[in-house]
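The block underneath contains the structure these notes are about, expressed in structure tokens.
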Amino acid sequence: MLVDRRKAAIFGAALVLRLLLWILFPSLPDLLTGRVEVSTPVNSFKRLQEGLFMYTRNVSPYDGGVFHQAPLLLPIFSLLPNAREYPLPTAIFYSLVDLANANALVTISDSGQALSGRLHSSLRKHVRYDGAAVAAWFLFNPFTIATCLSRSTNVFTTSGILYAISNAASGNSVNAMLALGFASYLSIYPALLFIPVVLLCYDQRVQKKKVSTNAAVFAVQHFGILLGSVAGLLGISCLVVGDFWQFVSATYGFQLLVPDLTPNVGLWWYFFIEMFDSFREFFLGVFWLHLACYVGGLTIRLRRQPLFVLTALLGIFAIFKPYPSISDASLYFAFLPLYRHLFSLMRYTFFAVSALLYATLLGPAFYHLWIYAGSGNANFFYAITLVWSLGLSILLADTVFAALREEWEQDNPELRGKDVRQV
Amino acid sequence: MTVLFLLPLLFLAVLSTLTSAAPDSDYHEGLVLQPLPQSSLLASFNFRSNTSQESFEQRHFRYFPRALGQILQHANTKELHLRFTTGRWDAESWGSRPWNGSKEGNTGVELWAWIDAPDDDGAFAKWITLTQSLSGLFCASMNFIDSTRTTRPIASFEPAAHHSSSQLHLLHGTLPGEVVCTENLTPFLKLLPCKGKAGVSSLFDGHKLFDASWQSMAVDVRPVCPESGECMVQIEQTVDMVLDIDRSKRPRDNPIPRPIPNEQLVCDTSKPYDADDTCYPLENTAEKGWSLQEIFGRTISGVCPLTEDENPGKETVCLRVPHERGVITSPGASETRNPDGLSRCFNLEPSSPFDLIIPEQEALTQVPLDEPALSAERTIVGHGQERGGMRIIFDNPSNSSSVDFIYFETLPWFLRPYVHTLQATIIGRDGIRRSVPVSQIVKETFYRPAIDRERGTQLELALFVPAASTVTLTYDFEKAVLRYTEYPPDANRGFNVAPAVIRLLGLRDQAQSYEYYSPVYIRTTSLLLPLPTPDFSMPYNVIILTSTVIALAFGSIFNLLVRRFVAADEAAALTAQTFKGKIFGKVVALRDRIKGKGSKVE
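Sequences listed follow chains A and B, in order.
Residue numbers for the first sequence follow the UniProt record's numbering, beginning at 1 and rising by one.
Residue numbers for the second sequence follow the UniProt record's numbering, beginning at 1 and rising by one.
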């Protein structure tokens with residue numbers, strides 16, 4: 001009861017904070033919508049509005065270079081009143097989506113999969129945050145608030161991923177696949193999470209003794225469910241917009257081939273601005289392969305902790321996906337408090353956090369110098385994105401180290417706290 | 001012998017009957033000069049020839065330029081309009097545009113044509129053929145009119161009424177950044193039957209033409225069917241220019257403007273400080289004196305003998321000045337005054353040079369200038385290289401009638417407009433700004449959004465502006481960042497955005513009496529769009545730095561994943577067994593031996 005009251009207080013405070021920001025600073029949402037760190041070509045609310053404008057006037061929104069988001073968002077948003085004239089319904093809608101996401105995080109935290117699962121059991125089970133604290137981490141993270149205020153459609157992908165993981169952690173494997181299908185439908189990269197999500201489902205089902213088949217058959221069955229859900233959503237989209245290939249090339253083709261090089265916090269945009277034309281396709285392939293290669297490595301090595309694999313992959317996506325924004329980083333940061341017990345094993349926390357703060361503070365300043373003041377050039381902002389990516393990857397590598405170290409200590413309890421080397 | 005002597009004569013006679021048997025081909029040229037306020041002079045040259053459709057198709061070219069005719073036939077082009085324009089028409093001082101703006105083009109090069117093709121793709125292929133060929137013919141960069149610069153306007157242009165084919169496709173392309181210069185004038189002159197050697201075209205001099213405040217060269221090819229008789233193919237070449245009289249009169253070898261010598265200054269003697277060494281100069285109220293020789297640097301060398309008129313040289317040169325204005329012409333030329341009292345024409349001697357001298361004279365009456373029915377202004381607003389806004393202001397000066405028009409603009413793909421931000425405001429004569437719903441001003445919209453690197457934006461609006469009011473349209477846009485190879489060498493200058501074309505509607509009734517419907521066009525100025533630029537010296541550095549960050553992440557994570565943990569004390573023992581450890585052990589042993597040896601010696 002006490003926990004419930006805490007949770008309600010946190011959720012209420014988060015909702016009030018968002019609505020207050022909306023009401024007290026009416027120009028803040030539009031300002032954030034225009035920030036490159038928050039809005040990318042694949043999740044910008046302004047582009048969604050443009051697509052919606054064309055959709056409501058019976059023009060194909062995909063017959064143009066502006067709108068690259070999933071078609072199902074169009075009928076959903078056409079139900080909401082015009083965001084320019086009546087901003088409050090949209091504000092409430094986005095705030096509620098944020099609360100729902102936090103709720104999924106609470107479920108994940110309460111399932112305890114971060115601490116012990118079928119194949120692992122942490123030595124530091126007592127060092128943990130409860131669900132409400134994890135939700136508070138997520139809801140009061142400035143990055144999450146900025147994403148919510150900017151009305152970035154990334155929050156729906158976040159919902160899909162979070163519900164996929166929370167359903168997997170509580171054993172609802174079919175729901176997990178449907179949610180993952182929704183996330184993959186919105187922006188294809190969540191499909192890469194399929195293997196760890198299925199492993200998490202499988203472990204959970206085995207733990208509850210609900211499953212009799214072996215892992216491979218289980219995975220194939222669930223892959224079928226994932227494909228079915230994506231196909232269903234694509235089918236509905238086809239009914240919504242008509243021309244199938246046009247929207248597929250405008251949404252998925254756009255995300256895969258990265259033709260729009262608008263600056264963002266990631267590594268792709270400046271690299272592909274400066275890339276020689278003849279090598280563009282080659283490096284596109286290399287970058288995508290690089291993004292996908294972590295799935296195998298992490299899943300095999302950390303087979304015993306599928307939830308940690310998911311966390312690490314979300315961190316990888318926040319750094320290396322084609323159009324990252326701070327909302328991807330906020331999703332990764334939301335998972336870190338689940339691993340409170342690993343914090344004591346991390347070595348470079350100070351350095352990583354300093355790098356991230358440095359990039360957060362200087363990023364907007366350097367962008368201003370380049371675009372508005374004209375006293376800096378593109379390298380200023382590029383350098384900051386490098387620092388940001390470096391900070392995130394140090395944090396990521398550090399958590400991977402801590403997770404491996406913890407796993408090793410589970411196997412060798414007598415060596416706990418001793419100096420270790422890797423060979 | 002007599003037969004042999006007569007043979008050429010007979011041949012000539014046959015030739016003359018042949019040519020006279022084709023009365024359907026004719027040629028006409030003319031020049032209209034009109035002084036404008038602010039010591040400017042508008043010179044409108046017009047060259048028009050007709051060829052019968054049949055002889056055009058059989059490639060029997062007489063006045064029609066063969067080079068152009070073959071291109072048109074090869075590209076299945078039924079109607080062609082080509083414009084080369086520089087400068088800006090100052091409608092505030094100069095009034096409405098010559099030819100109602102229909103012979104004017106966008107700054108740079110503008111081209112539109114009706115192409116006969118079974119489908120859109122076929123039409124586009126022929127269009128590319130056409131632009132490539134014209135590019136070669138006119139020494140202009142028209143080969144850069146690719147799919148991103150080509151549009152298919154719906155309502156802004158209308159074909160001549162007499163097309164036989166029903167599968168006509170209108171394609172429109174524009175190059176706002178093209179610098180029009182002498183190399184475009186030379187091929188233009190070569191299309192003329194007299195090639196600039198005789199007739200009014202002998203006045204063309206690249207130095208003067210491209211020094212003008214505003215100039216527009218036009219080539220129009222269109223089918224014309226008279227009431228009775230065979231259809232013709234008409235080619236009309238037009239050059240309009242507004243010359244600054246003072247500037248043109250400066251000698252070419254000494255073009256620097258100098259102050260008026262003291263003795264020529266007209267001083268205001270009413271000023272108290274007026275003395276021999278101090279002068280308050282009075283503005284010269286007299287109209288400037290000029291002559292063709294001074295303005296164009298040469299005189300008209302006779303009459304183009306190919307004009308088919310019964311009296312060649314009749315009313316070739318016309319001058320729009322009041323009748324009381326004194327004009328001196330070359331001997332031999334005669335003058336015809338128009339009854340309206342405002343213009344006169346001159347009949348030229350076939351083979352003697354013609355000059356026109358207009359002495360300086362106090363102006364008593366002025367030729368009235370037509371007020372334009374609509375004035376339009378288009379600017380980019382906002383700051384920063386990330387996003388901006390377009391603002392278009394339409395001003396209707398009339399106090400009684402509203403103006404209906406089509407507004408047509410093409411935007412390059414790297415300018416991404418947000419149409420949902422389109423807003424309209426109206427300011428009446430009372431100066432109060434009122435926001436109105438766009439649908440109240442815009443009656444119809446045709447919008448084709450851009451696709452990156454494939455096609456540009458096409459926006460056509462059917463608008464109206466109420467009487468005595470100013471309408472402002474605004475919308476936001478975003479500027480794309482290009483790949484570094486897509487920037488021109490002068491990337492920080494900005495990118496040219498083509499002017500908007502405005503076609504006034506509702507003036508059709510007045511125009512019915514003309515031989516063909518002549519619409520009224522207005523064009524705004526072209527815009528300069530600065531885009532964010534990357535650092536062009538950085539490709540290798542960026543590839544190296546980004547790869548380093550990726551390698552750091554990849555290396556540190558996979559380094560953790562592929563190794564196993566051992567306690568620090570076990571690690572030394574384990575490393576000793578590896579190949580590296582063995583070599584290291586050997587090195588240590590060797591070092592110890594050398595050290596031991598050394599100590600022995602000591």
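Glycine included, C-beta positions come from ideal geometry on N, C-alpha and C.
Residues of chain B with a Cβ closer than 9 Å to the Cβ of LEU15/A do not exist; the shortest Cβ-Cβ separation is about 28 Å.
As a beta-bridge residue in DSSP terms, GLU409/B pairs with LEU459/B.
When secondary structure is reduced to three states using DSSP, SER173/A falls in the helix class. Annotation: the continuous beta strand (DSSP E) that includes TRP114/B extends over 108-116. A distance below 8 Å separates the beta carbons of SER150/A and PHE45/A. Contact of LYS7/A with chain B is not assigned, every C-beta pair being separated by 8 Å or more. Between PHE554/B and chain A, the shortest Cβ-Cβ separation is below 8 Å.
Not a single C-beta of chain B is nearer than 8 Å to the C-beta of LEU362/A. For PRO35/B, the secondary structure class from DSSP, reduced to helix, strand or coil, is strand. Close to PRO263/A, with beta-carbon spacing below 9 Å, are these residues of chain B in chain order: GLU386, VAL481 and PRO532. CA-CA distance, PRO272/B to ARG252/B, rounds to 40 Å. A check of alpha carbon separations from SER228/B across HIS162/B, ARG222/B and ALA218/B identifies HIS162/B as the nearest. Contacts with chain B at 8 Å (Cβ-Cβ) include VAL423/A.
Residue-level contact by beta carbon fails for LEU28/A and chain B, as no gap is shorter than 8 Å.
Within chain A, ASP63, GLY64, GLY65 and VAL66 have C-beta atoms less than 7 Å from the C-beta of PRO449/B, given in sequence order. Collapsing the DSSP output to three states places GLN237/B in a strand. Against ILE273/A, the close residues of chain B are VAL481, ARG483, TYR484 and PRO534, in the order they occur along the chain (beta-carbon pairs closer than 7 Å). Per the coordinates, the alpha-carbon of LEU243/B lies some 8 Å from the alpha-carbon of LEU209/B. The C-alpha of TRP245/A lies about 14 Å from the C-alpha of ILE236/A. According to DSSP, TRP290/B shares a beta bridge with ILE358/B. Listed along chain A, the residues sitting closer than 7 Å to ASP452/B by beta-carbon distance are GLY65, PRO259 and ASP260. Shown here, PHE45/B sits in a strand according to DSSP, grouped into three states. The residue from PHE354/B, THR316/B, THR150/B and PRO261/B with its alpha-carbon nearest to that of LEU175/B is THR150/B.
By DSSP's assignment, VAL224/B forms a beta bridge with MET232/B.
Interface criterion met: the Cβ of VAL420/A is under 8 Å from a Cβ in chain B. Not one beta carbon of chain B lies nearer than 8 Å to the beta carbon of ASP243/A. A residue is called buried when at least 16 other Cβ atoms come within 10 angstroms of its Cβ; TYR372/A does not meet this threshold and is exposed. Contact note: PRO539/B reaches chain A through GLU274, MET275 and PHE276, using a C-beta cutoff of 8 Å and chain order. DSSP, read as helix, strand or coil, puts CYS194/B in coil. Per DSSP, the unbroken beta strand (DSSP E) holding THR445/B starts and ends at 442-448.
Between GLN410/A and LEU123/A, the beta carbon gap of about 6 Å places them in contact (Cβ cut-off 8 Å). Beta-bridge annotation (DSSP): GLN422/A is paired with PHE565/B. With a threshold of 8 Å between beta carbons, ARG347/A makes no contact with chain B. The Cβ atoms of PHE64/B and VAL233/B sit closer than 8 Å to each other. Around the CB of CYS304/B, 16 or more other CB atoms lie within 10 Å, so the residue is classed as buried. Separation of the CB atoms of GLY101/B and ALA218/B is rounded to 11 Å, and the pair is thereby denied contact status at 8 Å.
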